[in-house]
Amino acid sequence: MKTTTKKAVCIYNVTLKNKKMKHKLKLLTLALSMSCIAHAQTVDYSVVSVPEEAGADFMKMTKESDYVCMPQVRRSGNRLDWFTNRIIDTSKDGRSIAFLSFRNGKTNIFIKDLALQGSSRQRTNRSNVIDFSYSPDGKQICFCEALGKNNQVFLTDAEKGYVCRQITSGNADFSPVYSTSMKQIFFTRLEAKSSSIWAYDVANNYVSSYAAGINPCPLSNEKAFICTRFNPEGRGEIWKIDYQTGQEDCIVSDPMHSYTTPMVSPDGNWILFVGDGHLANGNKTYLNTDIFACRTDGTDFAQLTYHAADDLSPIWSTDGQYIYFISQRGDANGTANIWRMKFLYNK
Numbered sequence: 004m005k006t007t008t009k010k011a012v013c014i015y016n017v018t019l020k021n022k023k024m025k026h027k028l029k030l031l032t033l034a035l036s037m038s039c040i041a042h043a044q045t046v047d048y049s050v051v052s053v054p055e056e057a058g059a060d061f062m063k064m065t066k067e068s069d070y071v072c073m074p075q076v077r078r079s080g081n082r083l084d085w086f087t088n089r090i091i092d093t094s095k096d097g098r099s100i101a102f103l104s105f106r107n108g109k110t111n112i113f114i115k116d117l118a119l120q121g122s123s124r125q126r127t128n129r130s131n132v133i134d135f136s137y138s139p140d141g142k143q144i145c146f147c148e149a150l151g152k153n154n155q156v157f158l159t160d161a162e163k164g165y166v167c168r169q170i171t172s173g174n175a176d177f178s179p180v181y182s183t184s185m186k187q188i189f190f191t192r193l194e195a196k197s198s199s200i201w202a203y204d205v206a207n208n209y210v211s212s213y214a215a216g217i218n219p220c221p222l223s224n225e226k227a228f229i230c231t232r233f234n235p236e237g238r239g240e241i242w243k244i245d246y247q248t249g250q251e252d253c254i255v256s257d258p259m260h261s262y263t264t265p266m267v268s269p270d271g272n273w274i275l276f277v278g279d280g281h282l283a284n285g286n287k288t289y290l291n292t293d294i295f296a297c298r299t300d301g302t303d304f305a306q307l308t309y310h311a312a313d314d315l316s317p318i319w320s321t322d323g324q325y326i327y328f329i330s331q332r333g334d335a336n337g338t339a340n341i342w343r344m345k346f347l348y349n350k
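Be aware that the sequence shown starts at 4, since it is given in this note's numbering, and climbs by one per residue.
Put into structure tokens, the structure is as follows:
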């Protein structure tokens with residue numbers, strides 16, 4: 004099976020099917036294009052889990068009225084594309100979860116109390132938020148918004164008001180995330196068909212380039228981050244970049260698969276990431292995205308989800324015992340929701 008990749012920034016219309024309505028939303032899509040066996044299988048989205056996921060104890064955390072944005076996954080012929088950025092995050096006290104929701108023609112950040120069954124509350128008042136993350140102290144949210152043909156990074160208070168401050172001015176800046184010290188905000192910048200990771204210095208208000216890659220995720224107590232890179236064959240790999248020593252190590256690579264969207268566990272021992280899965284049915288293969296994990300040195304590689312639905316944008320609970328992610332599973336119409344599962348390898 005030959006695999007190729009096209010890195011691009013595009014706007015797609017995504018349709019969420021609902022019993023009462025069809026809900027359209029726009030998402031900036033970072034395409035990871037793969038040449039694979041054509042799929043030909045009808046997915047039963049109503050199934051919550053499959054036998055390979057035994058013990059994971061899946062729980063749906065949102066409902067249809069939350070209008071959770073589903074990261075774009077597009078199948079065209081023998082190609083699979085998916086959106087790699089983070090579009091959900093937990094508050095630092097672990098009591099609520101933030102997500103992107105499309106309502107009234109706009110995409111914004113909404114927050115939902117995990118202990119209550121009530122409605123979610125709107126946190127930003129923008130037009131087209133693309134991705135976001137909380138600051139380590141939980142007081143700020145950094146996010147990217149698509150403004151015309153450009154994508155910029157902004158800061159806003161995590162709890163009150165709609166005042167935002169723009170901190171980047173590139174044409175395509177996205178995937179913002181604070182360093183653990185909160186002295187920097189890392190982000191991805193797309194320039195001339197290549198992507199690299201930059202950092203905004205909070206104290207001095209300037210930006211600098213660090214390394215090639217996308218999806219930066221800082222490591223605690225280290226001057227390093229985990230990120231996604233594309234190898235010469237175009238497959239996504241998970242890398243560790245030490246920006247103090249300059250050392251760069253490939254952690255996860257596979258000649259037949261791509262992996263993106265790394266998230267480091269709260270204790271710094273594990274990495275979650277998204278990869279392409281292949282479900283065989285006779286002589287036919289269905290392509291989807293699943294969630295994987297490994298230790299930060301690349302050992303103990305494990306596939307965590309096997310459902311034919313697409314599982315994307317995984318994040319950790321604050322105690323590292325659970326994983327939150329977006330999936331169409333558990334809904335006959337394939338409507339996106341946020342799900343929680345146990346992390347069974349945390350020993």
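We put the CB at the ideal spot given by N, CA and C, even for glycine.
Grouping DSSP H, G and I as helix and E and B as strand, with all else coil, what is residue i?
{"i": "S320", "result": "coil"}
{"i": "S198", "result": "strand"}
{"i": "D96", "result": "coil"}
{"i": "P179", "result": "strand"}
{"i": "D300", "result": "coil"}
{"i": "S68", "result": "helix"}
{"i": "C236", "result": "Reading off the sequence, residue 236 comes out as Glu, not Cys. E236: coil per DSSP, three-state reduction."}
{"i": "G54", "result": "A small correction: the amino acid at residue 54 is Pro; Gly does not occupy that position in the sequence shown. Helix, per DSSP."}
{"i": "T231", "result": "strand"}
{"i": "H310", "result": "coil"}
{"i": "G249", "result": "coil"}
{"i": "T171", "result": "coil"}
{"i": "M185", "result": "coil"}
{"i": "I341", "result": "strand"}
{"i": "F113", "result": "strand"}
{"i": "M1", "result": "Only positions 4 to 350 of the chain appear in this structure, which leaves residue 1 out of reach."}
{"i": "Q155", "result": "strand"}
{"i": "D360", "result": "As displayed, the chain neither begins before 4 nor continues past 350, which places residue 360 out of reach and without an answer."}
{"i": "E148", "result": "strand"}
{"i": "K243", "result": "strand"}
{"i": "Y203", "result": "strand"}
{"i": "A374", "result": "No information on residue 374 is available, as it lies outside the stretch 4 to 350 that the chain covers here."}
{"i": "M266", "result": "strand"}
{"i": "D363", "result": "Absent from the structure is residue 363, since the part of the chain shown begins at 4 and ends at 350."}
{"i": "R332", "result": "coil"}
{"i": "V210", "result": "strand"}
{"i": "G271", "result": "coil"}
{"i": "T127", "result": "coil"}
{"i": "L347", "result": "coil"}
{"i": "T191", "result": "strand"}
{"i": "I351", "result": "Any question about residue 351 goes unanswered here, given that the chain covers just 4 to 350."}
With a CB to CB cut of under 6 Å and the five nearest residues on each side skipped, what residues in its chain are close to residue i?
{"i": "G333", "result": "V51 and K63"}
{"i": "E55", "result": "Y309"}
{"i": "Y203", "result": "I170, I188 and V210"}
{"i": "K142", "result": "A161"}
{"i": "F304", "result": "C297"}
Which same chain residues end up closer than 7 Å to residue i when comparing Cβ atoms and leaving out the 5 residues on each side of it in sequence?
{"i": "I241", "result": "I229, T231, I254, V255, Y262, P265, I274 and F276"}
{"i": "V71", "result": "T65, F102, S104, I329, A339, N340 and I341"}
{"i": "G239", "result": "L35, T231, F233, S261, Y262 and T263"}
{"i": "I112", "result": "A101, L103, R126, T127, V132, F135, I144 and F146"}
{"i": "N349", "result": "G323 and Q324"}
{"i": "L117", "result": "M64, R98, S99 and I100"}
Since residue i contacts residue j with CB under 8 Å, what's their CB separation in whole angstroms?
{"i": "L315", "j": "T292", "result": "6 Å"}
{"i": "K95", "j": "T248", "result": "Not confirmed; about 29 Å, so no contact."}
{"i": "A311", "j": "V46", "result": "4 Å"}
{"i": "I114", "j": "Y327", "result": "Contact doesn't hold; Cβ gap of about 13 Å is too wide."}
{"i": "T302", "j": "V267", "result": "Not really, about 15 Å apart at Cβ, beyond 8 Å."}
{"i": "L282", "j": "A59", "result": "Actually they do not touch by this definition, with Cβ atoms about 17 Å apart."}
Here's a check: name, in chain order, each residue in its chain whose Cβ is nearer than 8 Å to the Cβ of residue i, leaving out the five neighbours to either side.
{"i": "G216", "result": "T191, S198, S199, I200, C230, T231, R232, W242 and I244"}
{"i": "V166", "result": "T159 and D160"}
| query | Is the region 224-234 touching the region 260-274 in the sense that three or more CB pairs, one from each, lie closer than 8 Å? | reply | yes
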